[in-house]
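First up is the structure itself, then whatever we jot down about it.
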Amino acid sequence: MTRRPALLVLDLINEVAHPDGKYSDVCLDQIESRGVLGHARRAVDRARERGIPVVHVVVGFSPGLADWSPASTLFAEAADGDRLILGTWGTQIHDSLKPEPHEPVVAKRRISPFRGTHLELILRSLGVDTLLLTGVTTDLVILSTAREAHDLDFRVEVLEDATATSSPELHEAALTLLRRTADVTTVDAALGRPGTAGENDNEERE
1 MTRRPALLVL DLINEVAHPD GKYSDVCLDQ IESRGVLGHA RRAVDRARER GIPVVHVVVG
61 FSPGLADWSP ASTLFAEAAD GDRLILGTWG TQIHDSLKPE PHEPVVAKRR ISPFRGTHLE
121 LILRSLGVDT LLLTGVTTDL VILSTAREAH DLDFRVEVLE DATATSSPEL HEAALTLLRR
181 TADVTTVDAA LGRPGTAGEN DNEERE
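Each step along the sequence shown adds one to the number in the numbering used here, with nothing skipped, and position 79 is 79.
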């Protein structure tokens, strides 16, 4: 079966993945201890080498918070101290994962990267049928993306070594749920080891 993947880099922004970020207390310790930024960088490098599209997704809200949800307990703190404001340093992608000029950057206002965005349009235009997921957090954006992508008829592979959440226990619990609708794998398994790129990078898999 022909596999036409895209790599999604989800919410690895300064606000969450940098020590100076206003949400660094959420899961930065797990990002660092699991080496998530390094693994995600490896995934990005290998995807680029193999001609696999890389799509970056950032979470944030417009200045003034007109698109912020006052009913959300998850995003409640965003209105406190102007956190997650689009166009600021906090919602920029971490420098170690800086997008290439041609790579799409999708801004989302909710947990799901499909809600109110043009992500699906981008993926359909690229002819993608398989999503490789990296980023944070495993129990929120990764889980939400996998479920919605499943219902949009995409195959999903979660690169678990390039994901994290607030604790190892919650990460493992999320992976248990993810296995219901996605394949849980690793960067090396999904994208190959260095120097193993084949002639057909969107390879056929049985």
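For each residue, glycine too, the CB sits at the ideal point set by N, CA and C.
Which residue's Cα is closest to the Cα of residue i: the options?
i: Leu133; options: Ala78, Glu77, Val184, Ser69; result: Val184
i: Glu32; options: Thr165, Ser62, Ala43, Gly116; result: Thr165
i: Arg42; options: Ser24, Thr91, Ser96; result: Ser96
i: Glu49; options: Ala6, Leu86, Gly60; result: Ala6
i: Leu177; options: Arg124, Arg147, Pro104; result: Arg147
i: Arg179; options: Glu157, Leu28, Asp80, Gly51; result: Glu157
i: His94; options: Leu8, Asn14, Phe75; result: Asn14
i: Pro63; options: Pro70, Phe75, Leu74, Asp82; result: Asp82
i: Gly51; options: Leu37, His102, Pro70; result: His102
i: Val36; options: Thr2, Leu143, Leu12; result: Leu12
i: Ala40; options: Asp80, Leu8, Ala182; result: Leu8
i: Leu74; options: Arg193, Gly38, Val44, Tyr23; result: Tyr23
Do residue j and residue i count as a contact pair if the criterion is CB distance below 7 Å?
i: Ala107; j: Leu131; result: no
i: Val136; j: Ile111; result: no
i: Thr91; j: Val58; result: yes
i: Thr145; j: Pro113; result: yes
i: Leu191; j: Arg46; result: yes
i: Val128; j: Arg34; result: no
i: Pro99; j: Ile122; result: no
DSSP puts residue i in a beta bridge; with which residues?
i: Asp216; result: Given that the chain is displayed from residue 1 to residue 206, the structure contains no residue 216 and the question cannot be resolved.
i: Ile93; result: Ile13
i: Lys108; result: Val59
What residue range is occupied by the uninterrupted alpha helix (DSSP H) comprising residue i?
i: Gly38; result: 36-49
i: Val26; result: 24-33
i: Thr244; result: One cannot answer for residue 244 here, as it falls past the ends of the chain, which runs 1 to 206.
i: Ser125; result: 119-125
Among residues of its own chain, excluding the 5 on either side of residue i, which ones have a beta-carbon nearer than 7 Å to its beta-carbon?
i: Thr186; result: Leu159, Glu160, Asp161
i: Leu126; result: Ala6, Pro53
i: Phe61; result: Asp67, Trp68, Ala78, Leu84, Ile85, Leu86, Arg109
Please report the residue range of the beta strand (DSSP E) in which residue i lies.
i: Val57; result: 54-59
i: Leu131; result: 130-136
Leaving out five residues before and five after residue i in sequence, what residues of the same chain have Cβ atoms less than 6 Å from its Cβ?
i: Asp188; result: none
i: Thr117; result: Val106, Lys108
i: Thr138; result: Thr163, Thr165, His171, Ala174
i: Leu10; result: Val57, Gly135, Val141
i: Leu119; result: Val106, Pro113
Looking only at its chain, what residues have a beta carbon closer than 8 Å to the beta carbon of residue i, apart from the 5 residues adjacent to it on each side?
i: Tyr19; result: The sequence as given places Pro at residue 19; Tyr does not occur at that position. Leu28.
i: Pro168; result: Gln30
Consider the Cβ of residue i: report whether some Cβ of chain D lies at a distance smaller than 7 Å.
i: Ala47; result: Here chain D cannot be found, since the structure has a single protein chain.
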